[in-house]
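Each protein sequence line maps, in turn, to chains A and B. Count the first sequence with this note's numbering and you get residues 153 to 354, in order. Count the second sequence with this note's numbering and you get residues 153 to 354, in order. Here a beta-carbon is modelled for each residue, glycine too, at the ideal position from N, C-alpha and C.
2 protein chains.
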Amino acid sequence: MNLLLVEDQAMVRGALEALLNLEDDIQVVACASNGLVAKAYLAEHAGTIDVIVTDIQMPELDGIGLCLLVKQQYPDIPVVMLTTFARAGYLQRALDAGAVGFLLKDAPAERLAMALRDVAAGRKVIDSELALSALGSRQDPLTDKERQALKLAQQGLNTAAIGKKMCLSQGTVRNYLSEAISKLQANNRIDAARIAAEKGWI
Amino acid sequence: MNLLLVEDQAMVRGALEALLNLEDDIQVVACASNGLVAKAYLAEHAGTIDVIVTDIQMPELDGIGLCLLVKQQYPDIPVVMLTTFARAGYLQRALDAGAVGFLLKDAPAERLAMALRDVAAGRKVIDSELALSALGSRQDPLTDKERQALKLAQQGLNTAAIGKKMCLSQGTVRNYLSEAISKLQANNRIDAARIAAEKGWI
DNA sequence: CGGCACTTGTGACAAGTGTCATATCAATCG
DNA sequence: CGATTGATATGACACTTGTCACAAGTGCCG
Numbered sequence: 153m154n155l156l157l158v159e160d161q162a163m164v165r166g167a168l169e170a171l172l173n174l175e176d177d178i179q180v181v182a183c184a185s186n187g188l189v190a191k192a193y194l195a196e197h198a199g200t201i202d203v204i205v206t207d208i209q210m211p212e213l214d215g216i217g218l219c220l221l222v223k224q225q226y227p228d229i230p231v232v233m234l235t236t237f238a239r240a241g242y243l244q245r246a247l248d249a250g251a252v253g254f255l256l257k258d259a260p261a262e263r264l265a266m267a268l269r270d271v272a273a274g275r276k277v278i279d280s281e282l283a284l285s286a287l288g289s290r291q292d293p294l295t296d297k298e299r300q301a302l303k304l305a306q307q308g309l310n311t312a313a314i315g316k317k318m319c320l321s322q323g324t325v326r327n328y329l330s331e332a333i334s335k336l337q338a339n340n341r342i343d344a345a346r347i348a349a350e351k352g353w354i
Numbered sequence: 153m154n155l156l157l158v159e160d161q162a163m164v165r166g167a168l169e170a171l172l173n174l175e176d177d178i179q180v181v182a183c184a185s186n187g188l189v190a191k192a193y194l195a196e197h198a199g200t201i202d203v204i205v206t207d208i209q210m211p212e213l214d215g216i217g218l219c220l221l222v223k224q225q226y227p228d229i230p231v232v233m234l235t236t237f238a239r240a241g242y243l244q245r246a247l248d249a250g251a252v253g254f255l256l257k258d259a260p261a262e263r264l265a266m267a268l269r270d271v272a273a274g275r276k277v278i279d280s281e282l283a284l285s286a287l288g289s290r291q292d293p294l295t296d297k298e299r300q301a302l303k304l305a306q307q308g309l310n311t312a313a314i315g316k317k318m319c320l321s322q323g324t325v326r327n328y329l330s331e332a333i334s335k336l337q338a339n340n341r342i343d344a345a346r347i348a349a350e351k352g353w354i
């Protein structure tokens with residue numbers, strides 16, 4: 153089984169490579185530090201790759217974006233997501249993007265090789281801990297505008313600055329944030345942003 | 153060289169173990185998922201450990217706390233910090249705690265083994281990228297109260313709630329936050345909390 | 001002792017925020 | 001066509017936050 157490993161932290165990338173290469177039936181044939189690098193590699197060598205293992209949070213092009221791209225251009229290559237954070241929103245978006253595997257870095261190292269074998273055999277692999285928590289928590293109730301406004305508020309921008317960035321009036325921004333605060337049952341915009349981030353919604 | 157590896161994410165822990173065990177002169181003799189587990193192991197087998205490699209952010213007892221404890225109880229065992237985030241405050245605190253090595257997970261995997269050999273030989277190893285950024289950025293200008301108030305503000309608590317938690321009047325809390333905002337040249341409490349977090353100050 | 005720094009608190013004011021009712025406009029649907 | 005819907009905007013109001021000046025209390029140093 154020939155792998156493309158995509159992970160932005162060099163040390164973790166190298167360590168995972170060493171771990172996976174210990175398995176007789178698994179070979180890491182290429183590594184990439186983000187989605188764009190992976191994309192460039194695939195453009196040349198897509199035929200040599202059986203499975204892609206990718207982190208979600210990465211600079212340039214993240215794991216979700218890479219997955220969408222792979223599904224579109226190389227629909228036969230399965231993508232396994234590997235992430236630090238057990239956020240229901242991530243799982244949702246990864247599955248929507250066509251990922252067939254979803255593992256937490258909290259899971260035991262052995263599970264990664266097992267998951268890859270399952271995926272290569274055509275099965276889907278979802279981290280059970282996360283699947284349970286995803287079932288238990290509600291879906292993302294936010295609209296795109298609300299999400300974007302929250303994200304900017306989280307960075308410390310005030311209503312005026314958010315309005316400028318989003319090409320909206322201050323009043324409209326306040327309406328969006330007020331909606332988001334109420335939907336998330338938060339006390340204020342900071343609280344709302346924190347809650348949304350925790351769920352993986354922003 | 154016998155290592156104790158402390159890292160909370162199981163998959164990363166397993167992968168680092170595999171990576172390090174590939175080196176002829178390095179042997180991971182024990183792993184721990186947080187500082188408390190490491191402490192318990194050391195209580196039994198401290199004599200068998202030459203170097204400790206530990207993550208900084210961990211539940212229960214973090215890398216800084218573990219380092220302080222090791223320096224106190226087993227002053228001859230060197231501690232190497234390994235962290236995801238290039239924050240000057242972390243480096244500062246790690247060095248204050250007596251760490252003799254400080255590496256980023258962003259660094260190439262080979263550097264870890266090299267660093268361990270340097271440390272075993274009595275040298276200190278500081279990630280150069282981080283050392284530069286630490287020199288470039290100012291020290292933490294916040295008082296304890298300001299730090300604590302910022303941390304609570306970051307969680308979405310309002311002035312009244314922060315006051316309750318800290319046993320202070322609302323006015324005093326506002327004074328602290330106002331001071332912090334001005335010291336960090338932020339626009340508001342959210343911005344200030346974000347800046348402080350980025351530097352590793354809260 | 002007097003002076004000094006530090007912590008905590010108050011009051012006042014301006015600016016920003018949260019909520020709500022409502023208006024406008026374009027797009028959509030029956 | 002009229003009705004409905006969604007996105008955007010406005011204005012009003014109460015509340016929260018940011019800033020500042022200042023005061024009272026504590027502990028410390030010379």
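Give the secondary structure of M210 of chain B by DSSP, where H, G and I count as helix, E and B as strand, and everything else as coil.
In this structure, M210 of chain B counts as coil in the three-state DSSP scheme.
Kindly list, in the order they appear in chain A, the residues whose Cβ is closer than 8 Å to that of T206 of chain B.
Near T206 of chain B there are no residues of chain A at all, since even the closest Cβ is about 14 Å away, more than 8 Å.
For the segment 322 to 332 of chain A against the segment 167 to 174 of chain B, do three or more pairs of beta-carbon atoms, one drawn from each stretch, fall closer than 8 Å, so that the two count as touching?
Touching, no, given that fewer than three Cβ pairs across the two stretches are closer than 8 Å.
Give a yes or no on whether 8 Å exceeds the smallest Cβ distance from N186 of chain A to chain B.
By this cut-off, N186 of chain A is not an interface position.
Taking C-beta pairs closer than 8 Å, name the residues in chain A that A338 of chain B reaches, listed in chain order.
Result: G308.
List, in order along the chain, the chain A residues whose C-beta lies closer than 7 Å to that of P211 of chain B?
Those do not exist, as P211 of chain B stays about 11 Å from chain A at its closest Cβ, beyond 7 Å.
Name the DSSP bridge partner or partners of C183 of chain A?
Paired residues: A:L157.
Is V205 of chain B closer than 8 Å to L234 of chain B when the C-beta atoms are compared?
Yes, they are a contact pair.
Going straight from the alpha carbon of I342 of chain A to that of Q307 of chain A, what length do you get?
I342 of chain A and Q307 of chain A: Cα-Cα distance of roughly 9 Å.
For D177 of chain A, which residues in the same chain have their Cβ closer than 8 Å to its Cβ, ignoring the five residues on either side in sequence?
Around D177 of chain A: M153, R269.
Whole beta strand (DSSP E) runs in the segment 196 to 267 of chain B with 3 or more residues, listed along the chain?
As far as the segment 196 to 267 of chain B is concerned, its whole beta strand (DSSP E) runs of at least 3 residues are 203 to 207, 231 to 235, 253 to 256.
Measuring CA to CA, which of A:L302, A:A301, A:L255, A:K303 is closest to S280 of chain A?
With distances taken between Cα atoms, S280 of chain A lies closest to A:L255.
On a CA-only basis, which of B:L218, B:D202, B:V203 is nearest Q209 of chain B? Give me that one, please.
Per the Cα distances, B:L218.
Just curious, the alpha helix (DSSP H) that N327 of chain A is in, first and last residue?
Where N327 of chain A is concerned, the enclosing alpha helix (DSSP H) stretches over 322 to 335.
Using a Cβ-Cβ cutoff of less than 8 Å, which residues in the same chain neighbour K191 of chain B once the five nearest sequence positions on both sides are dropped?
Excluding sequence neighbours, K191 of chain B sits near L213, L218, L221.
Got a sec: is the Cβ-Cβ distance from V222 of chain A to anything in chain B below 8 Å?
No, because no Cβ of chain B sits closer than 8 Å to the Cβ of V222 of chain A.
From what residue to what residue does the alpha helix (DSSP H) around Q300 of chain A run?
Element bounds for Q300 of chain A: 296 to 306.
Smallest Cα separation from Q179 of chain A: which of A:D258, A:A344, A:V325, A:L156?
When each option's Cα is compared against that of Q179 of chain A, the closest is A:L156.
If we count the other Cβ atoms within 10 Å of its Cβ and call it buried at 16 or more, is L287 of chain A buried or exposed?
Counting Cβ neighbours within 10 Å, L287 of chain A comes out exposed, since fewer than 16 surround it.
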